[in-house]
Amino acid sequence: MVTFTTRLTVEVQGIPYDKIEDFRAYLAKEGLVTGGTGSKVRPVVSCKGTTCQYGSIDTFALSEEIHQRFFNGYSDVKLPHKFKIAVGGCPNNCVKPDLNDLGIVGQMVPNFDEDYCNGCKKCSVEEACPINAAKVVDGLLNIDKKECNNCGRCIGKCHFDAIEDGQVGYKIYIGGRWGKRVAHGKPLSKIFASKEEAMDIIEKMILLYRKQGKTGERLSETIERLGFENIEAQLLSNDLLDRKEEILEAKLHLTGGASC
276 MVTFTTRLTV
286 EVQGIPYDKI
296 EDFRAYLAKE
306 GLVTGGTGSK
316 VRPVVSCKGT
326 TCQYGSIDTF
336 ALSEEIHQRF
346 FNGYSDVKLP
356 HKFKIAVGGC
366 PNNCVKPDLN
376 DLGIVGQMVP
386 NFDEDYCNGC
396 KKCSVEEACP
406 INAAKVVDGL
416 LNIDKKECNN
426 CGRCIGKCHF
436 DAIEDGQVGY
446 KIYIGGRWGK
456 RVAHGKPLSK
466 IFASKEEAMD
476 IIEKMILLYR
486 KQGKTGERLS
496 ETIERLGFEN
506 IEAQLLSNDL
516 LDRKEEILEA
526 KLHLTGGASC
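According to our numbering, the sequence shown is numbered sequentially starting from 276.
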């Protein structure tokens, strides 16, 4: 029986134990690999943000790059437990980035030029905002930064070009999980302006988890134990990358906590 998993991988059931190596060899001839389970970086998932009308980033390309750099590149790196990554194209969160160990959400931060705002009584930007973060107050459009989730729906809606474009960004959640003990990931305080920054944050998170996580402990538990502010401070510095070789060479988590 062949099925598809929630992480967009293929699962073949019922292979006799003594035929597993033959099966893996057969797949290898076709350029396919096995091994999506265990205490390691798991297969990356993404939404259809690349082709979706609401997508702010190329989710297919980004998830492929993450797959190559961390699923393939870190395939032999032992971690305390499983480590799941999801890439979402916008704040609709269709792929549930905040329920993964690390989740990326594409952002489109509106560039509002108040000099072009006419304070229209019937504001097209206000009407376009799905979460009511944009409102005309005292004759001028105001976008509540705390409420705005950078979905980008307002861009191009002003008839006087007050919001003509926006800045692409990457919001990163850490510490999410689902299952018997659900934990919602918490976003880092910074929206990252480049893909390269986001990729480095992923690598630093994996290195931190390997070095400071306890065997059998999910990332959400590591963050709870060490403190979110402590974790974020480490992720925003470069110390973990400077110590990358040392962390990867350490004899850690020889028997990980993942049972599947």
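We put the CB at the ideal spot given by N, CA and C, even for glycine.
A Cβ-Cβ contact shorter than 8 Å links residue 355 with residue 532. By the Cβ criterion, the stretch 378-397 is in contact with the stretch 405-418, since at least three pairs of Cβ atoms, one from each stretch, lie closer than 8 Å. At a Cβ-Cβ threshold of 8 Å, residue 345 and residue 477 count as neighbours. Distances from the alpha-carbon of residue 320 to those of 313, 484 and 335 put 335 closest. DSSP, read as helix, strand or coil, puts residue 347 in helix. If you look at residue 359, you'll find it isn't in any beta strand (DSSP E); DSSP assigns it neither H nor E. One alpha carbon belongs to residue 416, the other to residue 401, and they sit about 8 Å apart.
Within its own chain, the residues whose Cβ lies closer than 7 Å to the Cβ of residue 482, once the five positions on either side in sequence are excluded, are 515, 519 and 522, listed in chain order.
Per DSSP, the unbroken beta strand (DSSP E) holding residue 278 starts and ends at 277-279. For the 8 Å CB-CB criterion, residue 430 and residue 444 do not form a contact.
Taking C-beta atoms under 8 Å as the contact rule, residue 448 and residue 372 qualify, at a distance of about 6 Å. In this structure, the beta-carbon distance from residue 332 to residue 289 does not fall below 8 Å.
Judged by beta-carbon spacing, residue 452 lies within the 8 Å limit of residue 493, meaning their Cβ atoms are closer than that value. Check the Cα spacing between residue 399 and each of 350, 436, 305 and 454: the tightest is with 436. The shortest C-alpha to C-alpha distance from residue 377 to any of 397, 508 and 360 is the one to 360.
Judged by beta-carbon spacing, residue 459 lies within the 8 Å limit of residue 374, meaning their Cβ atoms are closer than that value.
Annotated three-state conformation of residue 382 is strand, per DSSP.
Residue state for residue 283 is assigned as coil, using DSSP reduced to three classes.
For residue 317, the secondary structure class from DSSP, reduced to helix, strand or coil, is coil. Looking only at 309, 291 and 380, the smallest Cα-Cα distance to residue 330 is reached by 380. DSSP links residue 467 through a beta bridge to 445. For residue 510, the enclosing alpha helix (DSSP H) starts and ends at 503-510.
Residue 342 and residue 318 have their C-alpha atoms some 7 Å from each other. Annotation: residue 534 to residue 512 spans about 33 Å, alpha carbon to alpha carbon.
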